[in-house]
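Colleague:
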Amino acid sequence: MEQITFSIEKQYTCDVLVVGGGVAGISAAVNAAREGAGVILCEGGSMLGGTATAGLVGPFMTCYDKTGDTQIIRGFFSEFVERMVQKNGAISYTQNPGGDSHAGYRTKGHIGCTPFLPETLKRVAEECCTEVGVKVLYHSMLVGCEVKDQTISKAYFATVEGIVAVAAKAFIDASGTASLAAKAGAETFRGDENGFLQTASMFFVIDGVHKDELDAYMAQHTEMRERFYMDIFDGGIADGTFPCGTQKLRIYERPDGSWVVNMAQTDNGVNELDGEALSTALIDQRAQCVKIFEFLKTNIRPLRDIRFIESASVLGVRESRRMVGKTLLTGEDVANSRYADEQIAVCANSIDIHQAVGVQYVAYKAEKNYYIPLSALVSKDVKNLLAAGKCLSADKFAHAAIRVMPPCFAMGEAAGITAALATQKNTSVWSVPVAEVQQRILAHGGYLEI
Ligand SMILES: Cc1cc2nc3c(=O)[nH]c(=O)nc-3n(C[C@H](O)[C@H](O)[C@H](O)COP(=O)(O)OP(=O)(O)OC[C@H]3O[C@@H](n4cnc5c(N)ncnc54)[C@H](O)[C@@H]3O)c2cc1C
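Residues in the sequence shown are numbered consecutively from -8, following this note's numbering.
#1: May I have the straight-line CA-CA distance separating residue 243 from residue 408, to the nearest angstrom?
#2: Grab me the residues of residue 304's own chain with a C-beta within less than 7 Å of its C-beta, minus the 5 sequence neighbours each way, in chain order.
#3: Could you give the residue range of the beta strand (DSSP E) that holds residue 164?
#4: Along the chain, where does the beta strand (DSSP E) containing residue 433 start, and where does it finish?
#5: Report yes if the C-beta distance between residue 343 and residue 392 is below 8 Å; otherwise report no.
#6: Report all residues from its chain with a CB closer than 7 Å to the CB of residue 1; omit the five preceding and five following residues, and keep chain order.
#7: Assuming residue 51 and residue 105 make a contact with CB atoms under 8 Å, what is their CB distance in whole Å?
#8: Would you kindly work out how many angstroms separate the C-alpha atoms of residue 125 and residue 165, rounded to a whole number?
#9: Cα-Cα, which of 100, 16, -4, 61 is closest to residue 340?
#10: May I ask you to verify whether the stretch 12 to 30 touches the stretch 362 to 371, counting CB pairs closer than 8 Å and requiring at least 3?
#11: For residue 229, does the count of other Cβ atoms within 10 angstroms reach 16, so buried, or fall short, so exposed?
#12: Name, in chain order, the residues that DSSP records as bridge partners for residue 139.
#13: Inspect the beta-carbon positions of residue 157 and residue 33 and report whether they are closer than 8 Å.
#14: Could you give the DSSP three-state label for residue 65: helix, strand or coil?
#15: For the beta strand (DSSP E) containing residue 301, list its first residue and its last residue.
#16: Just the C-alpha distance for residue 76 and residue 397, rounded to the nearest angstrom, thanks.
#17: Could you give the uninterrupted runs of the beta strand (DSSP E) lying entirely in the stretch 243 to 285, keeping only those of 3 residues or more?
#18: Closer than 7 Å: is that where the CB of residue 71 sits relative to any heavy atom of ligand 1?
#19: Tell me whether residue 270, by its Cβ, gets closer than 7 Å to a heavy atom of ligand 1.
#20: Return the CA-CA distance between residue 313 and residue -3, expressed in angstroms with no decimal places.
#21: Identify every run of the alpha helix (DSSP H) within the stretch 156 to 241, keeping only runs that are complete inside it and at least 4 residues long; order them along the chain.
#22: Quick check on this structure: which residue in 278, 385, 172 has the alpha carbon closest to the alpha carbon of residue 182?
#23: Across the stretch 210 to 224 and the stretch 254 to 261, are there enough close Cβ pairs to call them in contact, namely three or more that are closer than 8 Å?
#24: Look at the alpha carbon of residue 389 and the alpha carbon of residue 322, and state the distance between them as a whole number of angstroms.
#25: Buried or exposed, going by whether 16 or more other CB atoms sit within 10 Å of the CB of residue 270?
#26: Three Cβ pairs or more, each shorter than 8 Å: is that satisfied between the stretch 133 to 144 and the stretch 110 to 121?
#27: What's the C-alpha gap between residue 231 and residue 290?
#28: With respect to 7 Å, is the separation between the Cβ of residue 389 and the closest non-hydrogen atom of ligand 1 below this value?
#29: List the residues that DSSP assigns as beta-bridge partners of residue 393.
#30: Relative to the C-alpha of residue 417, which residue among 375, 428, 394 is closest?
#31: Note down, in chain order, each residue of its chain lying with its Cβ closer than 6 Å to the Cβ of residue 55, except the 5 sequence neighbours on either side.
#32: Measuring straight from C-alpha to C-alpha, what distance separates residue 248 and residue 413?
#33: In angstroms, rounded to a whole number, what distance separates the CA positions of residue 333 and residue 381?
#34: Nearest-angstrom Cα distance between residue 48 and residue 395?
#35: Tell me whether residue 398 sits in a helix, a strand or coil according to DSSP, three-state version.
Shown next as structure tokens:
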């Protein structure tokens, strides 16, 4: 490989560096700062929220247990939602019984979901960061790091100024792609044992839905729950006018009356780590969005007057590279509710695999609450590295359950607290007692079933 030398234009120093400003990164940065750490959050793009904002993905999946009775994701997640509600940018999970337009007319996983506006999420995230002194550096793309004795000392970012270095005591990879872990030489992996990934999907936004008519149709066809208008889609697939593989109507109303459409997809996943493949997928899916829009407008009567507002600026990547932690959380762990003593989050989302090739179904199910242990956020190779959100240490099945946004908030909160405690104690993240992290999570209003 050709080596090029760049000069370092600027150097920053902090206690905790968070790479990636999606919901996991926001939560990690704010919670580390609330524990007294000096925090820098480097984000490659120009907004916080990641998949939730640039990707237009929503609503937040449920924060309740399977019965819908007990809220199990709380703490920073609850506070964040409340702040969005105050700005009329979200409808609280307490107000969403599932089965209606905000839940995409679905109940499974959608009782107690939270529809929100990306614009509000961006602003609330910036406010939360600013209030506690998190320095947010936008347009800062991680390009490398310095590692010695299994410890990262600095990370390097390509920025508008050139290369900038950030030195820190603890590092949190919230890139969604385990990019920091990979650059640090920590073990990472991607997909299942054959490298197959879940499908990637581009969201787009519409308005002009005749909601009363759609509500009425859905109320009369509850037996079709997951397959609304299937006769129309089957016809479109048969004659080639319906262009993609979702084969189902997936639209969700947002708090302002606009709707997100989650129907474009690349069936075999996308190599999101290859710039050329990613660009091709973006172009392909943006074109798919337009064709899907036209199909919906032409064929679904309550959608006859819809307008295309925007497509997402980033591809929705459900599954990417992940860090290997001290524990690799598995689908069996989830199904058997293991790690009930070292949990940093309690979850209940189903094992939800969107995949056209390779493994699509699993023999076991997440029927009870299950747990994310701190050891699944801690790198097995690098002493001062944690991962939070989509790039945590989990096999395909566990990942398919906990990749949704409420657990990502919870993982970020735990990672931020752990990193801050490690810097206070001047120790590695490996040595931070899980009981102390749990105590801080509970003090912040979290729920651990303890
Ligand atoms: C199609 C689709 C539908 C989904 N539907 C739902 C749903 O309905 N409800 C739900 O709750 N969840 C849903 N999810 C899951 C959920 O949206 C994501 O798993 C979650 O938002 C991931 O958050 P994150 O913070 O871990 O990562 P991301 O949101 O991926 O954030 C990572 C951030 O890191 C930045 N970054 C990446 N690389 C670098 C780098 N090298 N340097 C600096 N910054 C970098 C990115 O720009 C990004 O801002 C869906 C996901 C997809 C893809």
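Backbone N, C-alpha and C fix where the C-beta goes; we use that ideal spot for every residue, glycine too. Predicted model, so just to flag it, every value in this text is computed and none were measured.
Modeller: According to the data block:
#1: By one-based count along the sequence shown, residue 243 stands at place 252. By one-based count along the sequence shown, residue 408 stands at place 417. Rounded to the nearest angstrom, the two C-alpha atoms are 34 Å apart.
#2: Stepping through the sequence shown from its first residue, residue 304 is reached at position 313. Excluding sequence neighbours, residue 304 sits near 45.
#3: Taking the sequence shown and counting its residues from 1, the one referred to as residue 164 is at position 173. Per DSSP, residue 164 belongs to the beta strand (DSSP E) from 161 to 164.
#4: Locating residue 433 in the sequence shown gives position 442, counting from the first residue. It is not in any beta strand (DSSP E) - residue 433 instead sits in the alpha helix (DSSP H) that spans 425 to 434.
#5: The residue given as residue 343 occupies position 352 in the sequence shown. The residue given as residue 392 occupies position 401 in the sequence shown. Yes, these two residues count as a Cβ contact at 8 Å.
#6: Within the sequence shown, the letter at position 10 stands for residue 1. Cβ neighbours of residue 1 beyond the five flanking positions: 152, 155.
#7: Indexing the sequence shown from 1 puts residue 51 at position 60. Indexing the sequence shown from 1 puts residue 105 at position 114. Residue 51 to residue 105, Cβ: 4 Å. Contact.
#8: Here residue 125 refers to the residue found at position 134 when the sequence shown is read from its first residue. Here residue 165 refers to the residue found at position 174 when the sequence shown is read from its first residue. Near 15 Å, if we compare the C-alpha coordinates of residue 165 and residue 125.
#9: Counted from its first residue, the sequence shown places residue 340 at position 349. It is 100 whose Cα lies nearest to the Cα of residue 340.
#10: no
#11: Position 238 of the sequence shown, counted from the start, is the residue given in the question as residue 229. With fewer than 16 other Cβ atoms within 10 Å, it is exposed.
#12: Residue 139 sits at position 148 when you count from the first residue of the sequence shown. Per DSSP, 142.
#13: Residue numbering aside, residue 157 sits at position 166 when the sequence shown is read from its first letter. Residue numbering aside, residue 33 sits at position 42 when the sequence shown is read from its first letter. It is a contact, given that the beta carbons lie within the stated cut-off.
#14: In the sequence shown, the residue the question calls residue 65 occupies position 74. Reduced to three states, the DSSP call for residue 65 is coil.
#15: Within the sequence shown, numbered from 1, the residue matching residue 301 stands at position 310. Segment 298 to 302, the beta strand (DSSP E) holding residue 301.
#16: Locating residue 76 in the sequence shown gives position 85, counting from the first residue. Locating residue 397 in the sequence shown gives position 406, counting from the first residue. Between residue 76 and residue 397, the C-alpha separation is close to 16 Å.
#17: 250 to 252
#18: Sequence index remark: in the sequence shown, residue 71 carries index 80 (1-based). No.
#19: Here residue 270 is taken as the residue at index 279 of the sequence shown, counted from 1. Outside the cutoff, so no.
#20: One-based indexing of the sequence shown puts residue 313 at position 322. One-based indexing of the sequence shown puts residue -3 at position 6. Distance between the alpha carbons of residue 313 and residue -3: 29 Å.
#21: 170 to 174, 202 to 211, 221 to 230
#22: For the purposes of this step, residue 182 is taken as residue 191 along the sequence shown, with counting starting at 1. Nearest option by C-alpha distance: 385.
#23: no
#24: Position 398 of the sequence shown holds residue 389. Position 331 of the sequence shown holds residue 322. Those two C-alpha atoms are separated by around 4 Å.
#25: To locate residue 270, count along the sequence shown from 1; it is residue 279. Its Cβ having fewer than 16 others within 10 Å, residue 270 is exposed.
#26: no
#27: Start at 1 with the first residue of the sequence shown, and residue 231 comes out as number 240. Start at 1 with the first residue of the sequence shown, and residue 290 comes out as number 299. Spanning the two alpha carbons is a distance of roughly 13 Å.
#28: Position 398 of the sequence shown, counted from the first residue, corresponds to residue 389. Because no heavy atom of ligand 1 lies under 7 Å away, the Cβ of residue 389 does not count as near it: no.
#29: Here residue 393 is taken as the residue at index 402 of the sequence shown, counted from 1. Answer is none; residue 393 lacks a bridge partner.
#30: Here the question's residue 417 lines up with position 426 in the sequence shown. Checked all of 375, 428, 394; the closest Cα to residue 417 is 375.
#31: For the purposes of this step, residue 55 is taken as the residue at position 64 of the sequence shown. So the qualifying residues of the chain are 62, 103.
#32: If you number the sequence shown from 1, residue 248 lands on position 257. If you number the sequence shown from 1, residue 413 lands on position 422. Straight-line Cα distance between these residues: approximately 45 Å.
#33: Here residue 333 refers to the residue found at position 342 of the sequence shown. Here residue 381 refers to the residue found at position 390 of the sequence shown. About 20 Å.
#34: Taking the first residue of the sequence shown as position 1, residue 48 is located at position 57. Taking the first residue of the sequence shown as position 1, residue 395 is located at position 404. Answer to the nearest angstrom: the Cα atoms are 10 Å apart.
#35: Counting from 1 along the sequence shown, the entry for residue 398 is found at position 407. Here residue 398 sits in helix by DSSP.
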